[in-house]
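What follows is a single structure, written as structure tokens, with notes after it.
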Amino acid sequence: MRILTYLRCAATLSLMVGLSAPSLAQEYKGVNLAGAAYSSNKIPGRYGYDYLFPKPGEVEYFRGKGMNIFRISVLWERLQPVRQGALDPAYLGRLRDFIAEADRSGAKVVIDVHDYGRYRGVPIGTDPVTSADFRDFWTRMAVAFGESPGVMFGLMNEPQLHSADAWRDIQQQAILGIRGAGAKTPILVSGISWDAAHNFATVNGPALQSLQDPAHALLYEVHEYFDADSSGRSPDCIPQSQVVGRLAPFTAWLRQTGHKGFLGEFGVGRNDICLQDLDQVGAYLAANTDVWTGWTYWAAGPLWGEYMYTLEPKNGTDRPQMAVLQKYLSR
């Protein structure tokens, strides 16, 4: 989710992809659990004040609803306080504890490095932060979690870099570092320009389609919001007739290139139009499971309060968005 100040142009694409349902089941359906990446301007920050890992009961609640994957936001700087240095044992330990809890429940975990392509505010590839630093980080993460069958690696959330070609090369180094450490873990790669589904094919596709994975376990992660400018900043939503147009270009790109996709973030407000849009998203993803492997809704976690998109239950009561998502959790 973008926390920076930004403006993204609204999509006008109208490319459609058929809604006839494939026979495949949607493999991954879940939620983002945010909190461990909070207060990114406070490094390392105080645990329990500036940031939190998921509280007891989070996994149980969402697993009880039928969700089977959690995308957990973390910060590179908290995991690795010094570039090319050791991973921090306390922060790493809390991440391990959460992964172990999810694993006991039978759920997968995407480790989402929520740094927008930066380390301590400096973009990767800008002195002194190098692609070698990023590769070193992910090599160490592969050593730490490469034997964990329920883990997936989300290389970077919404990288704020100017060149898709440069970002491709940086990601390629991380992929090679992970595989060089012996890990076969699935890897989620991302794109620049907020990693948006609606323009991924044109902004990122030409560069990123050539990424190579020796383990053949890449997923292309995208994000999409359904307010007017696709920013995820408004409680209001576009008409239902426009929803498919936000996702269809990426679906077509996946089929053309033979890649698989994952909707890592999407969210809507609580009004009727937004809930209808959410229903349309669920139906569309369920009808295109040949290329869409799954999704994680944005977001939940103990620090969201009355945030308009939250799935965090309030005093034991489900949020309105949950009733819509549950239609697709049993499929």
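Residue numbers for the sequence shown, in mature numbering (1 follows the signal peptide of the UniProt record, and there is no 0): -25 to -1, 1 to 306. Here a beta-carbon is modelled for each residue, glycine too, at the ideal position from N, C-alpha and C.
DSSP state of leucine 193, grouped into three classes? Note: leucine 193 maps to strand in three-state DSSP.
Start and end residues, beta strand (DSSP E) containing leucine 238: 236 to 240 is the span of the beta strand (DSSP E), which, as asked, contains leucine 238.
Report yes or no: do three or more beta-carbon pairs, one from the segment 208 to 216 and one from the segment 240 to 260, lie closer than 8 Å? Taking 8 Å as the limit for Cβ pairs, the verdict is that the segment 240 to 260 does touch the segment 208 to 216.
Cβ neighbour criterion (16 or more within 10 Å) applied to serine 305: So serine 305 ends up on the exposed side.
If glycine 242 sits next to tyrosine 284, beta carbons under 8 Å apart, how far is it from one beta carbon to the other, in whole angstroms? A Cβ-Cβ distance of about 4 Å is found for the pair glycine 242 and tyrosine 284, placing them in contact under the 8 Å criterion.
Taking three-plus beta-carbon pairs below 8 Å as touching, is the segment 181 to 188 in contact with the segment 138 to 149? Because the criterion of three Cβ pairs below 8 Å is met, the segment 181 to 188 and the segment 138 to 149 touch.
Examine the Cβ distances between the segment 154 to 168 and the segment 112 to 125 and report whether three or more of them are shorter than 8 Å. Result yes; three or more Cβ-Cβ pairs closer than 8 Å.
Could you name the residues of the same chain whose beta carbon sits closer than 8 Å to that of leucine 186, not counting the 5 residues immediately before and after it, in chain order? A distance below 8 Å between beta-carbons, with the five flanking residues on each side excluded, links leucine 186 to the following residues of its chain, in chain order: Arg143, Gln146, Gln147, Ile150, Val164, Leu193.
Grab the span of the alpha helix (DSSP H) containing threonine 226 for me, first residue to last. Unbroken alpha helix (DSSP H) run through threonine 226: 218 to 232.
Tell me which residue opens and which closes the alpha helix (DSSP H) that arginine 69 is part of. Bounds of the alpha helix (DSSP H) holding arginine 69 are 64 to 80.
With C-beta atoms as the reference, is isoleucine 86 less than 8 Å away from glycine 125? No.
Is it true that the CB of serine 48 sits closer than 8 Å to the CB of alanine 11? Yes, these two residues count as a Cβ contact at 8 Å.
Going by Cα to Cα distance, which pick from Lys30, Pro56, Pro19 is closest to tryptophan 279? Check the Cα spacing between tryptophan 279 and each of Lys30, Pro56, Pro19: the tightest is with Lys30.
Identify which residue in His89, Gly233, Arg154, Ala227 has its Cα closest to the Cα of tryptophan 169. Ranking the options by Cα distance to tryptophan 169, first place goes to His89.
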